[in-house]
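A.B. asks:
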Amino acid sequence: MINTFNESNLHNTLKELYAYKHNGKTEFFDGKYYYDILTPKNEVIEIQTKNLSKLLPKLCAILESGKKITLVHPIVITKTIITTDCNNKIISKRKSPKRGSIYDLFSELTGIYPILLNENFTLEILEINMSEIRTKTNELVQSQNKKRRIKKDWNKTNKKLDEILNTRIFKTKEDYLSLLPQNLPEEFSAKELSQCFKQSVLFKKNTRINSHLIIWVLKHMELIEFVQIKNRSHYYKIS
Numbered sequence: 067m068i069n070t071f072n073e074s075n076l077h078n079t080l081k082e083l084y085a086y087k088h089n090g091k092t093e094f095f096d097g098k099y100y101y102d103i104l105t106p107k108n109e110v111i112e113i114q115t116k117n118l119s120k121l122l123p124k125l126c127a128i129l130e131s132g133k134k135i136t137l138v139h140p141i142v143i144t145k146t147i148i149t150t151d152c153n154n155k156i157i158s159k160r161k162s163p164k165r166g167s168i169y170d171l172f173s174e175l176t177g178i179y180p181i182l183l184n185e186n187f188t189l190e191i192l193e194i195n196m197s198e199i200r201t202k203t204n205e206l207v208q209s210q211n212k213k214r215r216i217k218k219d220w221n222k223t224n225k226k227l228d229e230i231l232n233t234r235i236f237k238t239k240e241d242y243l244s245l246l247p248q249n250l251p252e253e254f255s256a257k258e259l260s261q262c263f264k265q266s267v268l269f270k271k272n273t274r275i276n277s278h279l280i281i282w283v284l285k286h287m288e289l290i291e292f293v294q295i296k297n298r299s300h301y302y303k304i305s
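Residue numbers (our numbering): 67 to 305.
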């Protein structure tokens, strides 16, 4: 097994799907990095389910080599939680009350914004439904990433793709700016951006939107620019 340790069923399913779609080689090694997929056109496809910032050095190296790269990132819209015992027998199955949206993307863009508008870079976002597998433990345990404040009697052991709902391509300035609500005034603050989202057809029930984070990313991408401070709020406009 090459470079597949800790890869989930979700990651492997998407890798197989894109390799078949593009007739590419999987786990191609260039002497320094493994590529998830290398196409016959010598273009790289990377599948990353979380923590996009960890890929930045690798992405920069690929771009510096002159290759085109597509980064595929799934965003979970609905999640089914399946709890099993140590013998993989299902104990329970339920829908998570949390619902994701395309705007969850911005929390991942903070670490890779310098390359988002590179002419050889494409971001492909998959809105998906997913199942998360949790295995029951005999005692309270810490999570594998050591981030639990309180120990629990289960561990996440796998993620599985249930359905691809939608695919969105981000490559140009217009692609990213299309995520802003159409009713946005020429000059806006984070508060007004939030209000416009709630009034927009883009906004759906239970959608969580961090307007400050959206502004941070778009500002660092130089897609919006600071205009003035008014009533203690920073105002911006599209560059």
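Just so you know, even glycine gets a beta-carbon here, dropped at the ideal spot from N, CA and C. Bear in mind that the values here come from a model prediction, so they are computed numbers and not experimental data.
(1) What is the rounded straight-line gap between the Cα of Asn78 and the Cα of Lys303?
(2) Taking only three categories from DSSP, how would you classify Ile295?
(3) Spatial neighbours of Leu259 within its chain, please: C-beta separation below 8 Å, excluding the five flanking residues on both sides.
(4) Apply the 10 Å Cβ neighbour rule to Phe236 and answer buried if 16 or more other Cβ atoms are within range, or exposed otherwise.
(5) Please report the residue range of the alpha helix (DSSP H) in which Ile275 lies.
(6) Look at the alpha carbon of Thr70 and the alpha carbon of Ile199, and state the distance between them as a whole number of angstroms.
(7) Compute the distance between the beta-carbons of Ile143 and Gly177, then report whether it is under 9 Å.
(8) Under 8 Å: do the region 183-198 and the region 219-238 share three or more Cβ pairs, one atom per stretch?
(9) Pick from Leu118, Ile157, Asp228: whose alpha carbon is nearest that of Asn75?
(10) So what does DSSP say about Pro140, is it helix, strand or coil?
(11) Among the residues of its own chain, which have a CB less than 8 Å from the CB of Asn184, if the five just before and after it don't count?
(12) Any contact of the region 95-103 with the region 143-159, i.e. 3+ C-beta pairs under 8 Å?
(13) Residues in the same chain with beta-carbon distance under 8 Å from Ile141, minus the five sequence neighbours each way, listed in chain order, please.
C.D. replies: Short version:
(1) 41 Å
(2) strand
(3) Leu246, Pro247, Leu250, Ser277, Ile280, Ile281
(4) buried
(5) Unbroken run through Ile275: none, as it is neither H nor E.
(6) Confidence at Thr70 is low in this model, with a pLDDT of 39, below 50, so the placement of that residue is unreliable and no value is reported for it.
(7) no
(8) yes
(9) Asp228
(10) strand
(11) Leu129
(12) no
(13) Gly166, Ser167, Ile168, Asp170, Leu171, Ile191, Leu192, Glu193, Ile194
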